[in-house]
Amino acid sequence: MGCCQSLCRGENPLSKDGAQPLQLSQNHHGGATAASGLDNGGIGGVGAGGVVGGGGGGGGGIPSFSEFSFADLKAATNNFSSDNIVSESGEKAPNLVYKGRLQNRRWIAVKKFTKMAWPDPKQFAEEAWGVGKLRHNRLANLIGYCCDGDERLLVAEFMPNDTLAKHLFHWENQTIEWAMRLRVGYYIAEALDYCSTEGRPLYHDLNAYRVLFDEDGDPRLSCFGLMKNSRDGKSYSTNLAYTPPEYLRNGRVTPESVTYSFGTVLLDLLSGKHIPPSHALDMIRGKNINMLMDSHLEGKFSTEEATVVVELASQCLQYEPRERPNTKDLVATLAPLQTKADVSVTEFLNFVEFIFLLLVLEVLKKFRLQVPSYVMLGIKKHEEAPSTPQRPLSPLGEACSRMDLTAIHQILVMTHYRDDEGTNELSFQEWTQQMKDMLDARKRGDQSFREKDFKTAIDCYSQFIDVGTMVSPTVFGRRSLCYLLCDQPDAALRDAMQAQCVYPDWPTAFYMQSVALAKLNMNTDAADMLNEAAQLEEKRQRGGKGS
């Protein structure tokens, strides 16, 4: 079956009793369909009430964690067919996730890492077994792994109702009601607290794509975030604006980093948008809470509850890690807000005779005194969620979605500096020799840009930018494209973000970020940026402005 199987059969690195991993036929008994978690968003997990079994046992229909053969996973996913890809970034995702079905009819999700992402099979096995020990109804539980030759795969139970990101950001006609948003925050806090208690406090790149909904509509935390995308790979794949500040300094994930990321998820729940923490904190400091709240809620939320969540988000996003709350604080703060979970026994008894009292009590017990999550989400149980509506794109948007750098170049040449109007107002006294030299550098840069001499264009535009007397979003946008054409996506992303800082509502800045993020294999964020740019263009057109 592969090198990992022989390794683990000799001695399971994390087994307390020395038990050997079971064969596939012994292992995958029947049971309720549950969940999977995806690396760039996707499909999530199911459990049964509270902590579900243990690392060696599995309860509530969840099988024991074990090793799979590559042949079985290949058969389950129809030879890893592109039709079975369920990563929200599709085939562009760095680690693809496939939907599959085992011979016993159990649905699974299989995360397939890039070749040699984990060169050492022992390290991969140890990490997988560590995550596989976890069992909780707030997690998308991991049920197995495979390492056959160079292949490295994780197996989780499948879940049909999409991600928090899709429900929040991409459903134009269906928004999540306030009580459900509170439930999402509370359940994910419980999941993080459980992981921390079990000695797995580090969760990599927590965001709205890691929150998944099971067949009952209950939110689950993807188990895949408990493992990095590679042994020495980056722990964060999101836009730099959402990354914990200490990670940018030292590249290390700490429990406090996870709390920071949880704060960004709270912002998503409050606003219904993926907004940078710095912008949100400015609104919070200015006491503009109503501006922060999602307009789709139409005021149907408790101001007192929203204030509690806003304050918690602000605490989570503190610059100094030591000033952030721990996971138990998160749970304690959000627990009292779960008011819609209560079902009045009196209301039930008004509709039934006393002789049906036992039946009523059984119903209450079955639903745990809660309104079912799928009702609050507005979905039908056991049915797939509707597909994401596609927003029409402009020619620049289409070019960026195709990553057609030649077409982008032609459009930027034709646009010239039209979008810079009003960004600089210079007095007569400012027309010094230095200014003339600076504008001459920009002129040479423009000529090189038109002639596709991109290295020279970078040098000339850099001279213009370094002087700093004028700030031009167009120059940053053009230099960003030059960096992309010179295979420097990191520098391209920085320039695109600088262009956004100069002109916060400029669609081109967001479009260039989307291309740079796609080049960096941050495909989910690239898609988000593309959608944000399209929305800004649409807004400008509605306002009667040129694009």
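Using numbering that gives the first Met the number 0, the first residue of the sequence shown is number 0, and each one after it goes up by one.
Glycine is no exception: its CB is placed at the ideal position from the N, C-alpha and C atoms.
Just so we're clear, the structure is a prediction, and the values are computed from it rather than from any experiment.
- The Cβ-Cβ distance between Leu152 and Lys110 falls below 8 Å.
- If you ignore the 5 residues before and after Met375, its C-beta comes within less than 8 Å of the C-beta of Ile175, Glu176, Ala178, Met179, Arg182, Gly216, Lys339, all in its own chain and listed in chain order.
- Listed as beta-bridge partners of Pro218 by DSSP are Phe212.
- When DSSP reads this structure, Tyr144 sits in a beta bridge with Glu66, Leu153.
- Apart from sequence neighbours up to five positions away, the residues of its chain that approach Ala406 with a beta-carbon distance below 7 Å are Ala398, ordered along the chain.
- Annotation for Leu529: the continuous alpha helix (DSSP H) segment containing it runs 522 to 541.
- Shown here for Glu531: same chain residues with a beta carbon closer than 6 Å to its own, the five before and five after excluded, namely Phe509 in chain order.
- Between the alpha carbons of Pro324 and Asn289 lies a gap of roughly 24 Å.
- Taking C-alpha positions only, Leu138 is separated from Asp149 by approximately 28 Å.
- Segment contact: the stretch 251 to 262 against the stretch 300 to 319, three or more CB-CB distances shorter than 8 Å; contact assigned.
- Between Pro394 and Ile410, the C-beta gap is smaller than 8 Å, which places the two residues in contact.
- In this structure Met437 is buried. Its beta-carbon is surrounded by 16 or more other beta-carbon atoms within 10 angstroms.
- Annotated as distal: Met282 and Val130, with beta-carbon spacing of 8 Å or more.
- Remark: C-beta atoms of Leu311 and Thr332 approach each other more closely than 8 Å.
- The straight-line gap separating the alpha-carbon atoms of Arg478 and Ala517 is approximately 17 Å.
- Contact between Leu269 and Val309 holds: their C-beta atoms lie close to 6 Å from each other, under 8 Å.
- Of the other Cβ atoms in all chains shown, 16 or more fall within 10 Å of the Cβ of Ala155; this residue is therefore buried.
- The residues Cys145, Asp147, Glu150, in chain order, have a CB closer than 6 Å to that of Phe69 in the same chain once the five nearest residues on each side in sequence are set aside.
- By the Cβ-count criterion, Ala334 is exposed, with fewer than 16 other Cβ atoms from all chains shown falling within 10 Å of its own Cβ.
- Taking a 10 Å sphere around the C-beta of Asp204, we find 16 or more other C-beta atoms and assign the residue as buried.
- Here Arg441 is not near Val412, since their CB atoms are 8 Å or more apart.
- DSSP, read as helix, strand or coil, puts Trp177 in helix.
- Taken atom to atom, the span from the alpha-carbon of Trp128 to that of Gly198 is near 13 Å.
- Close CB contacts of Pro472 within its chain, under the 7 Å cut and outside five residues either way in sequence, are with Asp418, Asp419, Thr422, Ala498, Val501, Tyr502, Trp505, Ala508 (chain order).
- The beta carbons of Leu535 and Val514 sit no closer together than 8 Å.
- Taking the C-beta atoms as reference points, Glu214 is found nearer than 8 Å to Pro159.
- Nearest neighbour of Ile464 by Cα position, chosen from Glu450, Phe112, Asp439, Arg449, turns out to be Asp439.
- Shown here, Ala116 sits in coil according to DSSP, grouped into three states, outside any helix or strand.
- Pairing Gly271 with Leu404 gives a Cβ-Cβ distance that is not under 8 Å.
- Glu189 is the residue among Asp293, Glu189, Cys459 whose C-alpha sits nearest the C-alpha of Val330.
- Gly476 and Met511 do touch by the CB rule: their CB atoms are close to 6 Å apart, below 8 Å.
- Our two residues, Asn83 and Asn228, have alpha carbons roughly 20 Å apart in a direct line.
- For Leu95, the enclosing beta strand (DSSP E) starts and ends at 95 to 100.
- In summary, Lys538 is exposed, with fewer than 16 beta-carbon neighbours lying within 10 Å of its beta-carbon over all protein chains present.
- By alpha-carbon distance to His295, the top candidate from Arg401, Asp71, Gln173 is Gln173.
- For Met402, same chain residues with a beta-carbon under 8 Å away, outside a window of 5 residues either side, are Val514, Ala517, Lys518 in chain order.
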